[in-house]
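In terms of full-length UniProt numbering, the sequence shown is residues 1 to 141. Glycine included, every Cβ here is placed at the ideal spot set by N, Cα and C. What follows is a set of notes on a single structure, which appears directly below.
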Amino acid sequence: MKKTASAHWQGSLKEGKGTISTESGALKDNPYGFNTRFENAPGTNPEELIGAAHAGCFSMALSLMLGEEGFTPDSIDTKATVTLDKDGDGFAVTAVHLEMTARIPNIDQATFDEIANKAKTGCPISKLLNADISLDATLQS
């Protein structure tokens with residue numbers, strides 16, 4: 001399976017502007033630029049998109065792994081916080097912190113923790129990133 005996304009950029013780093021689109025059309029000409037990345041202007045940025053991808057990937061991996069153990073989640077809610085730090089002359093994504101809350105009938109805390117940690121390391125986006133990945137997992141009753 002291959003999926004595509006594209007970016008268009010015009011101008012210098014600080015004054016320039018770009019758009020990001022995805023093959024599915026979920027994103028179409030969404031604006032991004034220096035101001036959306038470093039100054040909280042409206043639009044998106046690569047770190048936010050990585051966070052969305054990681055939160056979605058982790059949630060799906062957790063659902064899969066729960067199913068393999070005979071559990072079906074009522075809900076899984078995941079937030080990913082991506083850290084971009086100065087790295088020499090440039091920048092690097094150094095960490096992703098996942099915060100997940102789930103409702104899963106008939107599961108005990110130890111089993112939940114074990115499966116959540118497997119999903120943290122096993123999801124394809126986790127495997128892609130060269131960053132410290134941490135997880136706060138909460139089981140709701």
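Consult DSSP for residue i and reduce its assignment to one of helix, strand or coil.
| i | result |
| --- | --- |
| SER59 | helix |
| ASP113 | helix |
| ALA26 | coil |
| residue 213 | Limits of the chain in this structure are 1 at one end and 141 at the other, which puts residue 213 out of reach. |
| PRO31 | strand |
Where do the N-terminal and C-terminal ends of the beta strand (DSSP E) with residue i fall, by residue?
| i | result |
| --- | --- |
| THR81 | 75-87 |
| ILE20 | 17-22 |
| ILE133 | 132-140 |
| GLY70 | GLY70 -> no beta strand (DSSP E), and no H or E assigned at all. |
| THR94 | 90-103 |
When burial is assigned at 16 or more other CB atoms within 10 Å of the CB, is residue i buried or exposed?
| i | result |
| --- | --- |
| MET100 | buried |
| THR78 | buried |
| ASN45 | buried |
| THR36 | buried |
| SER126 | buried |
| HIS8 | exposed |
| ALA55 | buried |
| residue 156 | The question about residue 156 has no answer, for the chain in this structure spans 1 to 141. |
| GLY90 | exposed |
| ALA102 | buried |
How would you write the range of the alpha helix (DSSP H) that residue i sits in, first residue to last?
| i | result |
| --- | --- |
| ILE125 | 124-128 |
| ASN35 | 34-38 |
Mind the definition here: the stretch 19-26 touches the stretch 61-70 only if three or more C-beta pairs lie below 8 angstroms; say whether that holds.
No, they do not touch.
At a cut of 8 angstroms, does the stretch 58-65 reach the stretch 83-93 through at least three beta carbon pairs?
No: the two stretches stay apart, fewer than three of their Cβ pairs being nearer than 8 angstroms.
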